[in-house]
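This report concerns only the one structure given below.
There are 2 protein chains.
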Amino acid sequence: MLDAAAELALEGAGGAGIDAIAARAGVSRTTVYKWWPSAAAVLLEGLLERTHDTIESPVSATTREALGDYLTRLIALIRDTPPGALLRGLTAASVTDQVVGHALINEWLAPRRAAAVHLLAEGVRRGEVRAGLDYDAVADVLFAPIYYRLMYAHQPLTDRLSAEIMAVCWPGIAASE
Amino acid sequence: MLDAAAELALEGAGGAGIDAIAARAGVSRTTVYKWWPSAAAVLLEGLLERTHDTIESPVSATTREALGDYLTRLIALIRDTPPGALLRGLTAASVTDQVVGHALINEWLAPRRAAAVHLLAEGVRRGEVRAGLDYDAVADVLFAPIYYRLMYAHQPLTDRLSAEIMAVCWPGIAASE
DNA sequence: CATATACTGTACGCTATGTCCAGTAATGCA
DNA sequence: TGCATTACTGGACATAGCGTACAGTATATG
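Going down the list, the protein sequences come from chains W and F. Everything in the first sequence is counted per the working numbering, starting at 217 for the first residue and increasing by one. Everything in the second sequence is counted per the working numbering, starting at 217 for the first residue and increasing by one.
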């Protein structure tokens, strides 16, 4: 049943309501309410269920490459797979649903930010990254453009974006020689 | 009447419906529909009406200062005044309402991006900004963290954010000496 | 066999949207 | 002065989605 929920969560773009979810899962509406408080909650659980394995950071030669790879993979995930549309819908839902908002922060954003911060800290140890940076702010600057384009779609989410972000940001991150 | 619409647009946080808008304007629901296609459209027009004058870029000594000031002013606008909450709601609405989405891009985002691009171009002329940059990508990286925090509120929108963005990004923007 | 648990399906109240229509008030034109 | 146009009223209506309630069925567990 959790499987069914997850599947429909990803298939039904992001605007799926309780009715659609219940129907798609072959289950009564009442039953859905027994386990989740809202449609967004089901979709959120489906999203997290299916993207657990996309959190870990890659192993790359240099910190710069690792960060770039991480952004590229996030872009591909959001652009090419159902979780992208789902994340967009859930972000919209989070404006009026605080529970979803907190869950998004804690279960989606935070682990990925932590992975980036870990890469940065490792970079400092290796002497590739400047010491004394505000890691949280750096993580914001690195990730934000991706979510920005996800939400507004004023520019397409291309693979190039990752390189562009790194081109602008890396000089401010790299250890000065 | 446009005044009334604008006022209530800013007062009613962002989740105002047609009913609330009509009541607040002292006008029949039917009348609202005569002039706008949806609640979001009214709110959007109210938002744009009241923030026209916040688009222009400041005159500062250096390009770095000008960009920093611009970001600081945008942060203050979003954090301290009704347009912030309104923008948040409209962004959420834009996910399901393409008309609102395009209007947000063209009437809100684009002019501000253009102002930033103008500052960058001017900076190149003055020799303060590296030539050959992708201005659009740079504008994305500069602005995105603000909207990112507006939407997710995982971190507060503080005045410091502006300085943090500039600290990370400026080395990648500045002309290499 | 008895009981607890999970699920069904329908019905209900509620809110909000968007449309329709008959009637009223004000404006402008001949 | 008479007439037409335009803007607004307010109530009624259909539609849709949410969340809850309830009586009944199936399954498993002791």
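Virtual Cβ for every residue (Gly too), placed ideally from N, Cα, C.
With distances taken from CA atoms, which of the options is nearest residue i?
i              : options                        : result
T288 (chain F) : F:Q314, F:N322, F:C385, F:T374 : F:T374
L189 (chain W) : W:L320, W:P327, W:A355, W:A319 : Past the edges of chain W, shown from 217 to 393, lies residue 189 (chain W), and the structure says nothing about it.
S276 (chain W) : W:A319, W:E338, W:G317         : W:E338
T307 (chain F) : F:G231, F:L283, F:W386, F:A391 : F:G231
R240 (chain F) : F:L259, F:K250, F:I381         : F:L259
H268 (chain F) : F:A390, F:A326, F:M382, F:R280 : F:A326
A319 (chain F) : F:M382, F:E261, F:I234, F:W386 : F:E261
T270 (chain F) : F:P253, F:A390, F:T297, F:K250 : F:T297
R376 (chain W) : W:A282, W:S310, W:I291, W:W251 : W:I291
H334 (chain W) : W:T312, W:P274, W:V311         : W:P274
M382 (chain F) : F:W252, F:A282, F:T312         : F:A282
Buried or exposed: where does residue i fall if 16 or more other Cβ atoms within 10 Å of its Cβ makes it buried?
i              : result
E272 (chain F) : exposed
G343 (chain W) : exposed
R304 (chain W) : buried
P299 (chain W) : buried
R329 (chain F) : buried
W324 (chain W) : buried
T247 (chain F) : exposed
A347 (chain F) : exposed
G317 (chain W) : buried
Y368 (chain W) : buried
S378 (chain W) : buried
S392 (chain W) : exposed
G284 (chain F) : buried
Y363 (chain F) : buried
S244 (chain W) : exposed
E380 (chain W) : buried
T278 (chain F) : exposed
Which residues does DSSP list as the beta-bridge partners of residue i?
i              : result
V384 (chain W) : In the DSSP output, where bridge partners are listed per residue, V384 (chain W) has none listed.
V345 (chain W) : W:A390
Rounded to the nearest angstrom, how far is the Cβ of residue i from that of residue j, given a contact under 8 angstroms?
i              : j              : result
L349 (chain F) : L302 (chain F) : In fact, because the Cβ distance is near 32 angstroms, the residues do not count as touching under 8 angstroms.
D352 (chain F) : Q314 (chain W) : Going by Cβ atoms, the distance from D352 (chain F) to Q314 (chain W) rounds to 34 angstroms, so no, they are not a contact pair.
G388 (chain F) : V384 (chain W) : 4 angstroms
A255 (chain W) : I237 (chain W) : 6 angstroms
D286 (chain F) : A360 (chain F) : Note that residue 286 (chain F) is Tyr in the sequence shown here, rather than Asp. Actually they are not in contact, since the Cβ atoms of Y286 (chain F) and A360 (chain F) sit about 14 angstroms apart, beyond 8 angstroms.
V357 (chain W) : V357 (chain F) : 6 angstroms
L366 (chain W) : I294 (chain W) : 6 angstroms
W386 (chain F) : R280 (chain F) : 6 angstroms
Kindly examine the ligand GDP and report whether one of its heavy atoms sits closer than 6 angstroms to the Cβ of residue i.
i              : result
E338 (chain W) : As for the ligand GDP, it is missing from this structure, which has no ligand bound.
Query - the region 353-376 of chain W: positions lying closer than 9 angstroms to chain F by Cβ - result: A353, V354, D356, V357, L358, F359, A360, P361, I362, Y363, Y364, R365, M367, Y368, A369, H370, Q371, R376
**Report entry** Under 8 angstroms (Cβ pairs) to chain W, residues found in the region 299-327 of chain F
**Finding:** R304, G305, T307, A308, A309, S310, V311, T312, G317, L320, I321, L325, A326
Requested in this report: Pull out every residue of the region 339-352 of chain W whose Cβ sits closer than 9 angstroms to any Cβ of chain F, in chain order.
Outcome: L349, D350, D352
Requested in this report: Residues of the region 380-392 of chain W with a CB closer than 7 angstroms to any CB of chain F: list them in chain order, please.
Outcome: Listed in sequence order: E380, I381, A383, V384, C385, W386, P387, G388, I389.
Query raised in the report: Taking any Cβ of chain F, which residues in the region 229-241 of chain W have a Cβ under 7 angstroms from it, in chain order?
Result: G231
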